[in-house]
Each structure stands twice: as structure tokens, then as C-alpha cells.
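Heads up: the sequence shown is residues -2 to 337, going by this note's numbering.
Worksheet: the structure to be examined is printed underneath.
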Amino acid sequence: MEIEKILNEISEIENEAKKMIKEITDEKGMEEWRIKFLGRKGKINSITSKLPQIPQELRPEIGKRINSLKKTLINLYNESIKKIKKEEKFENLSFPGKRPKIGTLHPLTLIIREMTDIFFKMGFGIVTGPEIENDYYNFEALNTPEYHPAKSFWDTFYLNEKEKILLRTHTSPVQIRVMERMKPPFKIIAVGRCYRRDALDASHSPVFHQMEGLMVGKDIRFPHLKGVLTYFLHQLFGSEIKIKFSPSYFPFTEPSAEVSISCIICNGKGCSTCGYTGYIEILGCGMVHPQVFRNVGYDPEKVTGFAFGMGVERIAMLKFKIDDIRYFYQNDIRFLNQFG
Ligand SMILES: [Zn+2]
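Right under this line is the structure:
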């Protein structure tokens, strides 16, 4: 074999290898390159195998050249693979990272949103009011004067007993504040925290949430109340539930009613949740008492209206099938993670 030919071949291999490696951008390409030039059947081995074909005295010189090329290629390979790995690592930084846990909405927030959305559909507006109230808004304006038995039942946390500043026992004071500011007709819902002197147990909490509604206008009658509440309860619990209105008493409505729905746990067959009656009491309502209208300067001969109120926790417990009210306030992540 001619010396010139083998020397040419060596420099061709070098040129080809250098040219190729410039185009390679990933580890897979590098592996292919390595096999082609440095592999067992690669070009370096193939040219080494030609050594016996050349004159013996020239073999050491040619052997050196081949070895030097081999070293060059190994160095090239090591440099390139290092660079590619670094780039891939850098690229990895743009991969989506581990998402931080962002938490979920509290079940009470979820149920409040669901409930308000239903009333929004019927055109109700939403209002809020102070949680610290005075005796007038919390009791008196709502036709619950000093001597009224309902007052002691609801007696509450007084912040200032002398001035009768207290934590509101219901959201109804918001209704009075709205009526003082607005002229009928209107329909609003009020939602917020309320406070009562109840010991904490599976079904009572000294802090809880209420949602109340009020619709006032000309010729608002009991069938309107039934229509609004029926639509609301069917939307919330499904149209297959049965709804029952029974006579009741509240100082600020006349007539008053309690509304029950067929038990959603046993479908009305009777279970421990519904006390084996098949029905669950869910809210109180009635036509606004004429005295309440007089208290805010409305003429009960000209306007009528209805009001209703319900405990948000109670609705959430039924809807999410939660049997202990305390879960809502314990911030137990295992409980909260199940929502939202
Ligand atoms: Zn039941």
C-alpha cells in the first residue's frame, strides 16, 4: 500500500470527523459519531488494521500518526460531549418546574359562591354589612324589643354592654341598613359571619355564616317567596327533591314558614340525619312584618316583601355530606384538600 494513500486517508478521517462533530447537537449524535470513528468497527480501527500492508520500517511513523489522530478524536469527543451535556442541562432549566402547592378554595367559600350564583341568575344583588352591630339594628328594628323572648335566646357577645354594642347574631341587620338607604323595589342577598353564644359541638359553632334574602316591592306575595326558594333549592340540591313549607314563627316576618327538603341522604326514606322523618329543615322565611317596614320608614300599605335566611354551614354539610361543623374551622389540610 502506498504511503501517500494511507497518509491521505488519515487526514481525510481527521477532516471528516472534525467537520461532522461541528454539526452535532445532542448526545445521540455524539454516540453515532463515536461509533463511526472510534468504535470497534470504526475508521480508526479500520485504518490501524491496514498497518501490516505497509513496509515495516514505516509502520512506527504511520502508527504514531494514527495514534495521534485517535487522541485528537478522543479529546474532541470529550470536549463536545461535555459542552452538549452542559447545554442540555441548561435547557432543562426551562422545563416546567415542580408546581408549588397553591391550595384550594375553602368549602364554605365554594358553597357561598354556588348559592350566590343561583340568586344572581334571578337578579338578586349582593350586600354586606358590619359584623359589629348595635342593639337597634340587631334586635329592635327587626321587631325584637327588649322584652321579647327571642332576644334572650339569641343573647350574644356584647363588646360594650352599656352601649349595647355586640357581634351580630344574624345577617338581618343588613336588611334594615339596606332598607334605610334604598327605595323599593329591590331584591338583595346578604351573606356573612354571625356570632352566637353557642358551645362548640358537632352541629353548633359560636361563629357561623348566614345567607339571607330580601325582596321588597309592590304586590310581592307569598307565592313569589315560594317560587324563589323552590328554584333556589332545586338548583342547589337537584330538581328531584321535595320541598315542604310549614308554619313557623319569627318576630320580623308574618306569616312565617320553615322550609324542609326531602332528605338527600336517604331520599326521604328516613335515616339518622333526618331523624327518620324523611325531611331536613333547611331555612326560615316569611313575609316581612309591617312593623319592620314602619321602622325603616316604608308604608306597609304600599309595599310588601319577603325575607329568608339560612345557615351556610348547614347547607355545606348537606351538600358535601359532612357530619361535623368543626371541620370547617380546624384548618386540617387533609379535609381542605378534598375541595376545589
Ligand atoms: Zn334521611
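Cβ coordinates follow ideal geometry from the N, Cα and C atoms, glycine included.
Here the structure is a predicted model, which means the values were calculated and not measured.
Among the options, nearest to residue i - alpha-carbon criterion
i	options	result
Gly120	Gly210, His103, Arg194	Gly210
Ser77	Asn264, Lys318, Glu28	Glu28
Leu66	Met314, Thr45, Arg37, Pro52	Thr45
Val300	Pro182, Tyr324, Met17, Glu278	Pro182
Pro248	Ala138, Ile277, Cys268, Lys79	Ala138
Gly36	Gln50, Tyr74, Ile3, Arg311	Tyr74
Phe317	Thr125, Phe332, Gly272	Phe332
Pro252	Phe303, Leu107, Gln232	Phe303
Phe242	Pro220, Leu233, Glu158	Pro220
Thr250	Lys83, Asn140, Glu24, Leu55	Asn140
Lys80	Arg110, Asp216, Lys98, Lys19	Lys19
Ile0	Ile59, Gly122, His201	Ile59
Ile338	Pro97, Arg110, Gln172, Asn135	This structure cannot settle anything about residue 338, because the visible part of the chain is limited to -2 through 337.
Ser169	Tyr324, Asp198, Pro287, Val124	Val124
Met112	Cys260, Leu233, Ile185, Arg62	Leu233
Heavy atom of ligand 1 within 7 Å of residue i beta-carbon
i	result
Ile279	no
Ile262	yes
Gly235	no
Thr270	yes
Gly283	no
Gly267	yes
Gly224	no
Gly275	yes
Paired residues, beta bridge with residue i - DSSP
i	result
His206	Arg190
Glu278	Ser257
Tyr155	Leu163
Met284	Phe303
Val213	Phe183, Gly302
Val225	Note: Val225 sits in no beta bridge, so no partner.
Pro244	Ala254
Ile123	Ile186
Glu130	Leu163
Gly94	Gly94 pairs with nothing; no bridge assigned.
Gly308	Gln207
Beta-carbon contacts of residue i that lie in its chain and below 7 Å, excluding the five residues immediately before and after
i	result
Tyr193	The sequence shown places Arg at residue 193, rather than the Tyr named in the question. Around Arg193: Trp151, Thr153, Thr166, Pro203.
Glu128	Leu164, Arg165, Gly189, Arg190
Lys95	none
Lys40	Ile10, Lys33, Phe34
Leu55	Ile0
Close-in-space but distant-in-sequence residues of the same chain around residue i (CB under 6 Å, 5 per side omitted)
i	result
Ala14	Phe34, Leu70
Asp132	Lys161
Tyr246	Ser253
Ala343	Residue numbering for the chain in the displayed model covers -2 to 337; residue 343 lies beyond these limits and cannot be assessed.
Gly214	Pro181, Pro182
Close Cβ partners of residue i (< 8 Å) along its chain, the five nearest in sequence each way excluded
i	result
Phe336	Thr101, Leu102, His103, Pro104, Leu107, Phe317
Arg291	Pro297
Leu226	Ile240, Val256, Leu280, Cys282, Phe305
Glu24	Ile78, Ile81, Lys82, Glu85
Pro287	Glu251, Pro297
Ile115	Tyr228, Phe229, Gln232, Leu233
For residue j and residue i, believed in contact at Cβ under 8 Å, the rounded distance
i	j	result
Tyr276	Ile258	7 Å
Gln207	Gly308	6 Å
Glu177	Val293	5 Å
Lys47	Ile3	6 Å
8 Å Cβ cutoff, residue i in contact with chain D
i	result
Arg110	Looking at the structure shown, chain D is missing, and only one protein chain is on hand.
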